[in-house]
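Quick notes on the structure that follows.
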Amino acid sequence: MKLGDLMAESLSRRSLIAGVGAAGLTAGVAAPAAAAASASATHAPHGREVIIEAGWALVEEPGGPALKRDVSIHVVRDRIVEVREGRIRGGARRVQLKDQLVLPGFISGHTHVAGGSCTRGTFEGTRSYVRPLELAEQLNDKDMDALTAYNLAELIRSGCTTQVEQSLSLRQARSYVRVAGPWGVRGYPAGMVPGVPRLFSFWPVVNEPVFEASIPETLAEIEANRQFGMRWNHSFDDRIRPMMAPHATDTHTPETLAAVLAAAKQLGNGIHLHLAQGAGEAATVQRRWGSRPVAWADSLGLFDVPVFGAHMSGADLALDPPLLAQRDYTYATCPSAGGASGSLQPYPEMLAAGVRVNIGIDTHSNDYVENIKLAVLKGQARHGAIGAAGSVPSRSPQPLDAVLGATRVAADGLHRPDLGRIRADAKADLVSIDVSGFLVGSGALPPQPLVNLLYANGTFVRNVMTDGRWQLFDSALLVADQNKVARRGGAVVQRIWDQLRAEGWFAQ
31 MKLGDLMAES LSRRSLIAGV GAAGLTAGVA APAAAAASAS ATHAPHGREV IIEAGWALVE
91 EPGGPALKRD VSIHVVRDRI VEVREGRIRG GARRVQLKDQ LVLPGFISGH THVAGGSCTR
151 GTFEGTRSYV RPLELAEQLN DKDMDALTAY NLAELIRSGC TTQVEQSLSL RQARSYVRVA
211 GPWGVRGYPA GMVPGVPRLF SFWPVVNEPV FEASIPETLA EIEANRQFGM RWNHSFDDRI
271 RPMMAPHATD THTPETLAAV LAAAKQLGNG IHLHLAQGAG EAATVQRRWG SRPVAWADSL
331 GLFDVPVFGA HMSGADLALD PPLLAQRDYT YATCPSAGGA SGSLQPYPEM LAAGVRVNIG
391 IDTHSNDYVE NIKLAVLKGQ ARHGAIGAAG SVPSRSPQPL DAVLGATRVA ADGLHRPDLG
451 RIRADAKADL VSIDVSGFLV GSGALPPQPL VNLLYANGTF VRNVMTDGRW QLFDSALLVA
511 DQNKVARRGG AVVQRIWDQL RAEGWFAQ
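Each residue of the sequence shown is one higher than the one before, counting from 31 in the working numbering.
What follows is the structure, given as structure tokens:
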């Protein structure tokens with residue numbers, strides 16, 4: 031589907047609602063899907079001015095962020111113009127969220143959007159995700175956009191308003207822009223280099239001759255991504271700001287990373303990569319270049335621009351965190367990396383060192399609230415298991431650490447003081463979460479709502495706004511027909527599964 035066609039289709043649907051989500055406490059008994067969608071469409075605020083009246087909100091004050099009860103947030107067009115405790119006077123349309131917690135929109139510091147639903151539930155603990163990703167890359171543009179839309183709808187549904195997006199190829203990055211742009215999503219997209227079409231020929235199993243022969247193609251891919259970035263930089267009312275995204279240090283050379291850095295400086299939005307993601311990467315970089323990944327990247331000047339780096343399970347935890355705390359670096363810990371598992375990443379050590387830490391989606395779970403919860407619980411488990419040893423500093427993460435990492439900290443990493451905060455003149459990127467109802471609350475507004483997030487998941491998100499535009503209202507998706515998004519995305523994944531079944535992949 032062409033961009034113009036996709037935009038026209040999306041724009042024509044802005045006033046439509048499809049699907050159904052659980053209503054808040056004030057909504058009473060859930061209605062059938064069609065009736066609920068119609069009700070949400072009827073009550074969704076129109077125009078570009080609204081006053082949100084929240085039970086709890088995390089607001090920015092001169093001394094830093096603070097949780098406040100009974101907060102009013104006045105939004106005009108794409109900005110917050112006033113925040114105060116109590117009622118704001120005026121005739122603007124009001125949205126009552128008295129049983130909910132309002133937070134800045136979540137920022138995922140590491141996503142591969144199109145890679146989510148095509149791999150989920152098929153490989154965890156038993157197989158590699160490589161073949162499903164290869165088949166996804168072979169999709170035509172229409173099917174690729176359907177796959178992207180399904181996963182992006184999930185991200186919106188769970189409150190993720192901004193993605194630092196390492197698409198698994200340049201084709202997937204283009205698909206991301208075709209969908210995210212018209213939907214009003216904020217994104218920092220880039221095609222991963224090397225992308226899926228070439229990556230698995232020499233990674234993760236190291237094949238040095240193939241790797242060395244691939245360098246000219248990698249340079250060409252970097253240039254193609256630079257051109258993509260220049261084409262879309264500051265597009266869609268400045269919501270799209272492309273980055274450069276080298277895959278990892280063990281799939282690059284000084285020459286290719288110099289080209290990445292030069293392109294990133296031209297675009298002005300930073301670099302996004304997997305950094306020291308495992309022992310294999312650390313061993314390969316040490317053997318080739320005589321240095322560990324973080325120190326090698328630092329020696330090449332990679333941190334001269336903002337950098338988001340994911341995973342870091344192969345980091346030297348005595349040397350790397352103190353260095354990164356002094357650099358323009360944001361660590362994206364991804365509790366669902368590699369799918370649902372018990373793997374633990376060095377969140378507590380990075381917190382203790384003062385490194386900026388964000389919560390990243392990675393790809394297999396698009397539930398941002400669930401990943402906030404998992405980051406805290408897995409981080410506490412890791413701290414309890416290894417922190418007592420005392421070999422490196424460690425700090426047990428708390429819900430506030432994760433929420434700030436998902437908002438304010440990530441915005442600082444992007445050099446965006448207008449994001450990640452609820453204050454006057456900030457961008458109106460907001461998410462509201464039911465913290466009072468069944469399974470998450472106690473039937474009343476809780477005294478410590480951030481703790482209630484440990485009992486929540488993305489289905490408790492009720493409303494999402496980016497740039498002052500409602501994308502989810504009363505649990506119903508506004509940017510597209512949710513049923514069609516699910517049906518089309520499901521049909522694409524079904525064909526991938528059929529091909530895998532024909533190849534005997536599920537029997538492995």
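We treat Cβ as the ideally placed atom computed from N, Cα and C, and that holds for glycine.
is_contact[residue i, chain C] using C-beta, thresh 9 Å
i           : result
residue 396 : Within the model displayed, chain C is absent; a lone protein chain is all it includes.
Residue interval of the alpha helix (DSSP H) (run including residue i)
i           : result
residue 247 : 245-262
residue 482 : 479-482
residue 266 : 265-268
residue 329 : 323-329
residue 182 : 171-187
residue 94  : Element bounds for residue 94: not the alpha helix (DSSP H) but the beta strand (DSSP E), 94-106.
residue 163 : 160-167
residue 350 : 350-355
residue 440 : 440-443
Alpha carbon of residue i to alpha carbon of residue j, nearest angstrom
i           : j           : result
residue 354 : residue 298 : 20 Å
residue 503 : residue 433 : 21 Å
residue 376 : residue 342 : 7 Å
residue 123 : residue 367 : 41 Å
residue 412 : residue 138 : 22 Å
residue 171 : residue 101 : 44 Å
residue 113 : residue 86  : 12 Å
residue 218 : residue 277 : 15 Å
residue 216 : residue 83  : 24 Å
residue 15  : residue 500 : Absent from the model: residue 15. The displayed extent of the chain is 31 to 538, so no value can be given.
residue 198 : residue 225 : 6 Å
residue 397 : residue 490 : 11 Å
residue 309 : residue 121 : 59 Å
residue 494 : residue 130 : 12 Å
residue 515 : residue 182 : 10 Å
residue 524 : residue 282 : 35 Å
Limits of the beta strand (DSSP E) - the one that residue i falls within
i           : result
residue 129 : 123-134
residue 339 : 337-341
residue 533 : Here residue 533 belongs to no beta strand (DSSP E), and DSSP marks it neither H nor E.
residue 74  : Run containing residue 74: none; DSSP gives neither H nor E here.
residue 502 : 499-503
residue 464 : 460-464
residue 493 : 491-496
residue 112 : 109-115
Residue i versus the options, residue with shortest Cα-Cα distance
i           : options               : result
residue 483 : 467, 402 and 499      : 402
residue 111 : 459, 219 and 521      : 459
residue 251 : 342, 293, 181 and 262 : 293
residue 324 : 95, 203 and 360       : 360
residue 185 : 526, 507, 281 and 513 : 507
residue 538 : 428, 119, 158 and 194 : 158
residue 178 : 211, 268 and 189      : 211
residue 416 : 154, 529, 267 and 374 : 374
residue 450 : 485, 428, 496 and 468 : 496
residue 268 : 448, 78 and 488       : 448
residue 395 : 141, 237 and 285      : 141
residue 454 : 92, 74 and 75         : 92
residue 511 : 143, 180 and 115      : 180
residue 174 : 146, 191 and 440      : 146
residue 222 : 265, 258, 317 and 356 : 258
residue 334 : 487, 356 and 272      : 356
residue 337 : 478, 317 and 444      : 444
residue 149 : 167, 133 and 134      : 167
residue 287 : 265, 311 and 332      : 332
residue 302 : 290, 312 and 311      : 290
Cutoff 7 Å; reference residue i; Cβ partners in own chain excluding five residues on either side
i           : result
residue 326 : 279, 315 and 319
residue 169 : 177 and 522
residue 236 : 314
residue 247 : 228
residue 384 : 355
Same chain, Cβ closer than 6 Å to residue i, five either side skipped, listed in chain order
i           : result
residue 379 : 347, 351, 422 and 424
residue 365 : 401, 404, 405 and 408
residue 533 : none
residue 94  : none
residue 192 : 137 and 216
Same chain, Cβ closer than 8 Å to residue i, neighbours up to 5 away in sequence not counted
i           : result
residue 472 : 466
residue 155 : 369 and 371
residue 203 : 195, 197, 219, 220, 221, 255, 258 and 272
Contact test: residue i Cβ vs the ligand HEM heavy atom, cutoff 8 Å
i           : result
residue 146 : Absence of the ligand HEM from the depicted structure is noted, as is the absence of any ligand whatsoever, leaving it without description.
Segments assigned alpha helix (DSSP H), at least 4 residues, entirely inside the segment 196-227: Segments of the alpha helix (DSSP H) lying fully in the segment 196-227: 200-213.
Contained alpha helix (DSSP H) runs [length at least 4] in the segment 364-434, N- to C-terminal order: Fully enclosed alpha helix (DSSP H) runs of 4 or longer: 377-383, 398-416 and 429-434.
3-residue-minimum beta strand (DSSP E) runs that sit fully inside the segment 270-333, ordered along the chain: Within the segment 270-333, complete beta strand (DSSP E) segments of at least 3 residues are found at 301-305, given in chain order.
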